[in-house]
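These notes concern the structure reproduced below.
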Amino acid sequence: MILTTTNNIENFKIVDYLGIVTGTAYDSSYSSNGKKMSFTDMFSMAKYREMYTLGLEGIKEKAFQDLKDNATKLGANAVVGIQIDVEPLANSATLLVSITGTAVKVQ
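Following the UniProt record's numbering, the numbering of the sequence shown begins with 1 at its first residue and continues without gaps.
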């Protein structure tokens with residue numbers, strides 16, 4: 001599946017627009033691969049940044065997989081015009097990642 005933020009794909013022709021698709025995922029930004037950050041690690045900026053970055057990457061991967069699954073259900077082989085939104089949920093360490101794009105068939 002081709003995924004792009006642009007509205008077209010070089011060397012491909014869009015032959016059918018199938019609709020808007022989304023992918024969403026949320027989780028704690030302080031965990032990665034099931035491993036949570038300890039209380040003392042939260043005071044280490046290096047450890048905090050590492051776990052936050054790994055956690056965000058994992059959440060984004062889940063959201064992209066959801067996007068691809070939803071596009072496949074429509075019969076798409078590409079998604080164009082992708083936009084990514086990352087939002088922290090109020091009063092928690094949880095991040096919500098929402099990805100939106102247009103499912104298309106290309107040749």
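Note that beta-carbon positions come from the ideal geometry of N, C-alpha and C, so glycine has one too. Note that the structure is a prediction, hence the values are computed from the model and not measured.
With respect to Thr100, Ile20 sits close: the two C-beta atoms are nearer than 8 Å. Residue range Thr94 to Val106 is occupied by the beta strand (DSSP E) that includes Lys105. According to the DSSP secondary-structure assignment, Tyr26 is paired through a beta bridge with Leu96.
The alpha-carbon separation between Val80 and Leu67 amounts to approximately 11 Å. Setting aside the 5 residues that flank it on each side, Ala103 is surrounded in the same chain by Leu18, Gly19, Val21, Ala71, Leu74, Ala76 and Val79, each with a C-beta closer than 7 Å to its C-beta; the list follows chain order. Taking the CA atoms as reference points, Thr4 sits about 6 Å from Ile82.
For Ile9, the secondary structure class from DSSP, reduced to helix, strand or coil, is coil.
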